[in-house]
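Encoded as structure tokens, the structure appears first; notes follow it.
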Amino acid sequence: MHLHLETSDKFAVQAYSDSEIKIDDEIYQQSLIVSAQGIITDWPLAKLTEMTAQSLERFLTVQPEIIIIGHTQSGKFPPPVILQQLTQKRIGLESMSIGAACRTYNVLLSEQRRVALGIILDVQHSK
Numbered sequence: 016m017h018l019h020l021e022t023s024d025k026f027a028v029q030a031y032s033d034s035e036i037k038i039d040d041e042i043y044q045q046s047l048i049v050s051a052q053g054i055i056t057d058w059p060l061a062k063l064t065e066m067t068a069q070s071l072e073r074f075l076t077v078q079p080e081i082i083i084i085g086h087t088q089s090g091k092f093p094p095p096v097i098l099q100q101l102t103q104k105r106i107g108l109e110s111m112s113i114g115a116a117c118r119t120y121n122v123l124l125s126e127q128r129r130v131a132l133g134i135i136l137d138v139q140h141s142k
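Numbering (this note's numbering), first residue to last: 16 to 142.
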């Protein structure tokens with residue numbers, strides 16, 4: 016695992032790998048959403064390209080100004096319809112590697128921005 020952050024921010028990412036993420040001293044091994052409001056663990060997304068309006072709804076409950084998606088599928092992006100829906104709601108979306116996503120989320124969280132992080136973990140890697 017990488018990062019090993021010591022912070023007072025609740026729900027900050029402390030460590031990560033392609034198959035697990037550590038938040039508030041708890042290790043998660045499934046895809047999840049995290050924000051300053053809490054952690055949503057029932058987000059059964061395996062691939063970025065499988066993102067739908069329904070999977071997007073989980074983010075909207077925390078009213079973010081920006082959504083960051085961390086994943087292991089280099090060069091992949093969410094479906095265009097997802098980008099359109101978020102643009103209409105004036106919500107930004109960034110898609111990047113898990114490490115970059117965790118670091119970016121932590122910075123925005125420390126600035127008290129309304130940010131939500133979606134992590135799509137490589138569950139096959141952990142088996």
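All C-beta atoms in this analysis are idealised placements derived from N, C-alpha and C, irrespective of residue type, glycine included.
Is DSSP giving residue i helix, strand or coil here?
i    : result
A131 : strand
K142 : With a pLDDT of only 39 at K142, under 50, the local geometry of the prediction cannot be trusted, and the value read off the model is given with reservation. Note: K142 maps to coil in three-state DSSP.
I38  : strand
With C-beta atoms as the reference, is residue i less than 8 Å away from residue j?
i    : j   : result
I134 : G90 : no
R128 : I81 : yes
L132 : D24 : no
I106 : P79 : yes
Pull up the CB-CB distance for residue i and residue j, whole angstroms please, since I reckon it's below 8 Å.
i    : j    : result
P93  : M111 : Contact flag wrong, Cβ pair sits at about 12 Å.
Y43  : I113 : At roughly 12 Å, the Cβ-Cβ gap does not stay under 8 Å, so Y43 and I113 are not in contact.
V122 : S50  : Rounded, the Cβ-Cβ distance is 14 Å, inconsistent with contact.
T87  : D33  : 5 Å
What does a CB cutoff of less than 8 Å around residue i pick up in its chain, not counting 5 residues either side in sequence?
i   : result
I97 : M66, T67, A68, L71, L108
I10 : Residue 10 cannot be examined here, being either before or after the span of the chain that is shown, 16 to 142.
Within its chain, find whatever has a CB closer than 7 Å to the CB of residue i; leave out the 5 residues flanking it on each side and keep chain order.
i   : result
I55 : L47, I48, R73
Opposite residue i in the DSSP bridges: which residues?
i   : result
G85 : M111, I134
G53 : S50
Under 6 Å Cβ to Cβ from residue i, same chain only, skipping five residues before and after it: list those, please.
i   : result
D57 : none
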